[in-house]
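Student:
Number of protein chains: 2
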Amino acid sequence: MASADFILGEFNRKIDERFRLSIPTELAEPLCENSTDLILVKERPGCLSLWNSTHWKAKLDAGVNLVKAKINAGRLEGRTADVQMLGRLLSTRHRNVQLAAKQRMLIPEGFREFLGVEAGGEVLIVGAAICVEIWRTDAWLANLEQQMPEFGGLLDTLSS
Amino acid sequence: MASADFILGEFNRKIDERFRLSIPTELAEPLCENSTDLILVKERPGCLSLWNSTHWKAKLDAGVNLVKAKINAGRLEGRTADVQMLGRLLSTRHRNVQLAAKQRMLIPEGFREFLGVEAGGEVLIVGAAICVEIWRTDAWLANLEQQMPEFGGLLDTLSS
DNA sequence: TACTTAGTGGGCTCAAATCCCACGACTCGA
DNA sequence: TCGAGTCGTGGGATTTGAGCCCACTAAGTA
Chain A
1 MASADFILGE FNRKIDERFR LSIPTELAEP LCENSTDLIL VKERPGCLSL
51 WNSTHWKAKL DAGVNLVKAK INAGRLEGRT ADVQMLGRLL STRHRNVQLA
101 AKQRMLIPEG FREFLGVEAG GEVLIVGAAI CVEIWRTDAW LANLEQQMPE
151 FGGLLDTLSS
Chain B
1 MASADFILGE FNRKIDERFR LSIPTELAEP LCENSTDLIL VKERPGCLSL
51 WNSTHWKAKL DAGVNLVKAK INAGRLEGRT ADVQMLGRLL STRHRNVQLA
101 AKQRMLIPEG FREFLGVEAG GEVLIVGAAI CVEIWRTDAW LANLEQQMPE
151 FGGLLDTLSS
């Protein structure tokens, strides 16, 4: 990964009548270092994340290759169901999207329901260091309430 | 930290119809030693704090840079979710602001609700030794009531 | 009193965010 | 096969808000 800076910042945005969302320049720029190709991922109900596609591929391939190696080595014989589920998730969890002019992207069918925001609704766009997250407002608040107290400890753990 | 003096003093200020707030000269001067760049932080509901950006960076960057270094070294591969959470919290907790002419700053969207003061409302600006705090009046009073009795003991502990 | 300085209000401008419309591809049913 | 409706895409028009600047006022000072 480039020794890039963390992607940080918090913004309010409205979703179009046609489910388009414009990403603020501060976040779009570091995200699209080399291409306007992005990966949209279902994180949890009420939250999607956006990744630079090359970073994402690197991250994903590493994991997938490990699993493949294990399968080939016969080390997942008894775990067929788990492997199936992994495949299923790989299929549905993420998708390529493009940033069009004005940094606009279309939130595809399937991701709309997951995000849970109707056309014309509001979302929060948040920099999450290595990616950008799109939050339904109430999910964001609930999550924040829960995690804010952990902040100090988290920095300690990760940096130690 | 520079062997600067403590930043002290208490002032009433009005927040503009446009959410502008002018920082008293006594507090703004020591805060802006070298630049008009400041960091605005969400401390607790009803209270924001303002930091000299170089001091703040020193305080935070130490930890953050460690995390960055670990990421670049590939040592947090399995901890993506934690890194994301850290970034998310970094994004929402603080933001750069600038002091314009007359030491006026704009309280950004997101911090307004947190402070809980509507346009045209009153706040207290308080020097807190190493930073400046902006308080909603009632939050300030509640806090004061609770902490005042501890003052004597605190001075003893910190100075001994 | 005249002058200076700090705090506040408000006008102007520019850029960004949002609104809105038009076009073309595609689907579906008659 | 054709027309109507839907959806993705592009781009112009409008609005909103942040930054800049100036004017007014009140308080402190010579």
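Protein sequences appear in the order of chains A and B.
Numbering-wise (full-length UniProt numbering), the first sequence opens with residue 1 and increments by one.
Numbering-wise (full-length UniProt numbering), the second sequence opens with residue 1 and increments by one.
Here a beta-carbon is modelled for each residue, glycine too, at the ideal position from N, C-alpha and C.
(1) How about residue 19 (chain B) and residue 107 (chain B): are their beta carbons less than 7 Å apart?
(2) Please tell me whether residue 1 (chain B) has its Cβ less than 7 Å away from any Cβ of chain A.
(3) Would you report the Cα separation of residue 47 (chain B) and residue 80 (chain B), rounded to the nearest angstrom?
(4) Within 10 Å of its beta-carbon, does residue 105 (chain A) have 16 or more other beta-carbons around it, so buried, or fewer, so exposed?
(5) By the three-class DSSP mapping on this structure, what secondary structure does residue 19 (chain B) have?
(6) Rounded to a whole number of angstroms, what is the C-alpha to C-alpha distance between residue 55 (chain A) and residue 118 (chain B)?
(7) Does the separation of the CB atoms of residue 42 (chain A) and residue 75 (chain A) fall below 7 Å?
(8) Using a Cβ cut-off of 7 Å (strictly closer), state whether residue 84 (chain B) contacts chain A.
(9) DSSP state of residue 139 (chain B), grouped into three classes?
(10) Count the other C-beta atoms from every protein chain shown that fall within 10 angstroms of the C-beta of residue 90 (chain B), then say buried if there are 16 or more, exposed otherwise.
(11) Let's see if you can read the secondary structure: which residues bound the alpha helix (DSSP H) around residue 49 (chain A)?
(12) When we look at the beta-carbon of residue 102 (chain A) and count the other beta-carbons within 10 Å, is it buried (16 or more) or exposed?
(13) Between residue 92 (chain B) and chain A, is there a C-beta pair that is closer than 7 Å?
Tutor: Taking the structure as given:
(1) Within the second sequence, numbered from 1, the residue matching residue 19 (chain B) stands at position 19. Within the second sequence, numbered from 1, the residue matching residue 107 (chain B) stands at position 107. In this structure, residue 107 (chain B) lies closer than 7 Å to residue 19 (chain B) by Cβ.
(2) Here residue 1 (chain B) refers to the residue found at position 1 of the second sequence. Only weak support exists for where residue 1 (chain B) lies, its pLDDT of 43 falling under 50; the value from the coordinates is given anyway. Answer no: the Cβ-Cβ gap between residue 1 (chain B) and chain A never drops below 7 Å.
(3) Locating residue 47 (chain B) in the second sequence gives position 47, where the first residue counts as 1. Locating residue 80 (chain B) in the second sequence gives position 80, where the first residue counts as 1. Between residue 47 (chain B) and residue 80 (chain B), the C-alpha separation is close to 31 Å.
(4) If you number the first sequence from 1, residue 105 (chain A) lands on position 105. It counts as buried.
(5) Locating residue 19 (chain B) in the second sequence gives position 19, where the first residue counts as 1. Note: residue 19 (chain B) maps to coil in three-state DSSP.
(6) Here residue 55 (chain A) refers to the residue found at position 55 of the first sequence. Here residue 118 (chain B) refers to the residue found at position 118 of the second sequence. Going by the C-alpha atoms only, they are around 42 Å apart.
(7) Translated into positions along the first sequence, residue 42 (chain A) becomes position 42. Translated into positions along the first sequence, residue 75 (chain A) becomes position 75. No, they are not a contact pair.
(8) Here the question's residue 84 (chain B) lines up with position 84 in the second sequence. Judged by the 7 Å Cβ criterion, residue 84 (chain B) is in contact with chain A.
(9) By 1-based counting over the second sequence, the position of residue 139 (chain B) is 139. Residue 139 (chain B) falls in the helix class under three-state DSSP.
(10) Here the question's residue 90 (chain B) lines up with position 90 in the second sequence. Flag for residue 90 (chain B) reads buried.
(11) The count along the first sequence starts at 1 and reaches residue 49 (chain A) at position 49. Element bounds for residue 49 (chain A): not the alpha helix (DSSP H) but the beta strand (DSSP E), 47 to 52.
(12) Translated into positions along the first sequence, residue 102 (chain A) becomes position 102. Classification for residue 102 (chain A): exposed.
(13) Position 92 of the second sequence, counting from 1, holds the residue named residue 92 (chain B). Yes, residue 92 (chain B) counts as interfacial toward chain A.
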